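Participant:
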Amino acid sequence: MKIKSNFPINEEAFSDLQKLSEEYEIINSIEIQENDSNNKKVLKGSKEKECRFCKKHFPEVNFRNVSHTIPEFLGNKSLTSNFECDNCNKYFSAFENELANFLLPLNTLSSTKNKKNKTPKFKNKLEIHQDDKNVFHIKNFPDDLVSSNNEIDFTVETASYIPEYVYRSLIKIGLSVISEEGIKNYNETIEWLMSLEENVIIRPCMAFTIFPFSSSIDKIRCVVFDRKFNVTRQIPKTLLVLSYKNFAIQTFFPVFPFEDCTELSPFPHLIPTALDLNNNLKNEKNYGLIYLDENVRVKGKKIEINIKSAEE
Ligand SMILES: [Zn+2]
1 MKIKSNFPIN EEAFSDLQKL SEEYEIINSI EIQENDSNNK KVLKGSKEKE CRFCKKHFPE
61 VNFRNVSHTI PEFLGNKSLT SNFECDNCNK YFSAFENELA NFLLPLNTLS STKNKKNKTP
121 KFKNKLEIHQ DDKNVFHIKN FPDDLVSSNN EIDFTVETAS YIPEYVYRSL IKIGLSVISE
181 EGIKNYNETI EWLMSLEENV IIRPCMAFTI FPFSSSIDKI RCVVFDRKFN VTRQIPKTLL
241 VLSYKNFAIQ TFFPVFPFED CTELSPFPHL IPTALDLNNN LKNEKNYGLI YLDENVRVKG
301 KKIEINIKSA EE
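Quick note: the sequence shown, position 271, residue 271 per full-length UniProt numbering, numbers continuous.
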């Protein structure tokens, strides 16, 4: 494998990629330019007006809404699908709202443009907004704020969110980018998504990485990995990695009782993203595991933020 880059490669992350490829293969990978409303692309189902999720057809269900495969609040203004009916679109929006709540302070600080093509405002004790000249205004600075010449550290508390819904919205993104051919292998995952009652045996969780805000990239990427046939180790069948701006989220598709995987390690590989491969950022990331199994609203999660000026 050869990689062309304009930064020194992090060899460790590169070797992680090789290890990953021994047990998993990419089944779908998409990369879109953020805020690119001029190059619209529609992922199409094999049959016109049939919903991938509830399996219903027009005219029993309608397809009037524009269904974004990756939520608009992550900067996706171009990639939509034609296989999500209006009922399912509405059902999924409840999950997406919780992902948006969780990510809100981060999306504000990284200037990720929302549905209205604006940087969202954040207000939860601390108030952050960006004005028309891209200048940030922060009110009610937290007590724990530490600042030096070109760097500030502080903690933000996310808005309250429902962890299980955050997980569901991530899996829904994964199911939306899988090809029409590949989706046939995901009936159980779709049934789980469409019902709030189905059991999973491994506690849902995501690995969340924050790279420096100054190293933000303008591509949104989502990759779905499938376990290779010959693998005997107890590892999830499907892994998902989603990256945008200076963030990377990794999770695994739900593991069901029939899979008989009680000893399963949910994160057999930490999947390197483009920013992981940059050796200059090797010691510059913040990483944490966030459990997503509770189905009641939890109070804000504390996230440590470090903002450095881009100039050296
Ligand atoms: Zn539907």
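Yeah, the Cβ is synthetic: ideal placement off N, Cα and C, and Gly gets one too.
Note that this is a predicted model, so its numbers are computed, not measured.
Collect the residues with a C-beta less than 6 Å away from any heavy atom of ligand 1 and give them in sequence order along the chain.
Facilitator: Counting every residue whose Cβ lies closer than 6 Å to a heavy atom of ligand 1, we get Cys51, Phe53, Cys54, Lys56, Val61, Cys85, Asn87 and Cys88.
Participant: Please state whether DSSP places glycine 182 in a helix, a strand or coil.
Facilitator: Residue mapping note: residue 182 aligns to position 182 of the sequence shown, counting from 1. Looking at glycine 182 - three-state DSSP - the assignment turns out to be helix.
Participant: I need the straight-line Cα distance from asparagine 28 to valine 296, nearest angstrom please.
Facilitator: For the purposes of this step, residue 28 is taken as residue 28 along the sequence shown, with counting starting at 1. For the purposes of this step, residue 296 is taken as residue 296 along the sequence shown, with counting starting at 1. Going by the C-alpha atoms only, they are around 32 Å apart.
Participant: Is DSSP giving phenylalanine 95 helix, strand or coil here?
Facilitator: The residue given as residue 95 occupies position 95 in the sequence shown. Correct three-state label for phenylalanine 95: helix.
Participant: Between which two residues does the alpha helix (DSSP H) containing residue 332 stretch?
Facilitator: The shown model of the chain, from 1 to 312, leaves out residue 332, and the question about it has no answer.
Participant: For arginine 64, tell me which candidate among Phe73, Gly75 and Glu48 has the shortest Cα-Cα distance.
Facilitator: Within the sequence shown, numbered from 1, the residue matching residue 64 stands at position 64. The shortest C-alpha separation from arginine 64 is found at Glu48.
Participant: State the DSSP-derived secondary structure class of isoleucine 235, mapped to helix, strand or coil.
Facilitator: Counted from its first residue, the sequence shown places residue 235 at position 235. Coil, per DSSP.
Participant: Would you grab the beta carbon distance between phenylalanine 225 and leucine 239 for me? Rounded to a whole angstrom, and I think it's under 8 Å.
Facilitator: Stepping through the sequence shown from its first residue, residue 225 is reached at position 225. Stepping through the sequence shown from its first residue, residue 239 is reached at position 239. Phenylalanine 225 to leucine 239, Cβ: 4 Å. Contact.
Participant: Where DSSP assigns a beta bridge to alanine 207, which residues make up the other side?
Facilitator: Locating residue 207 in the sequence shown gives position 207, counting from the first residue. Paired residues: Gln250 and Leu289.
Participant: Could you give the uninterrupted runs of the beta strand (DSSP E) lying entirely in the UniProt domain "HNH endonuclease 5" (51-94), keeping only those of 3 residues or more?
Facilitator: Listed in chain order, the complete beta strand (DSSP E) runs (minimum 3 residues) inside the UniProt domain "HNH endonuclease 5" (51-94) are 79-81.
Participant: Could you check whether proline 236 and leucine 17 sit closer than 7 Å to each other, using their CB atoms as the reference points?
Facilitator: Along the sequence shown, read from residue 1 onward, the residue named residue 17 stands at position 17. Along the sequence shown, read from residue 1 onward, the residue named residue 236 stands at position 236. It is not a contact, given that the beta carbons lie outside the stated cut-off.
Participant: Threonine 155 by DSSP, collapsed to three states: which one?
Facilitator: Position 155 of the sequence shown, counted from the first residue, corresponds to residue 155. Strand, per DSSP.
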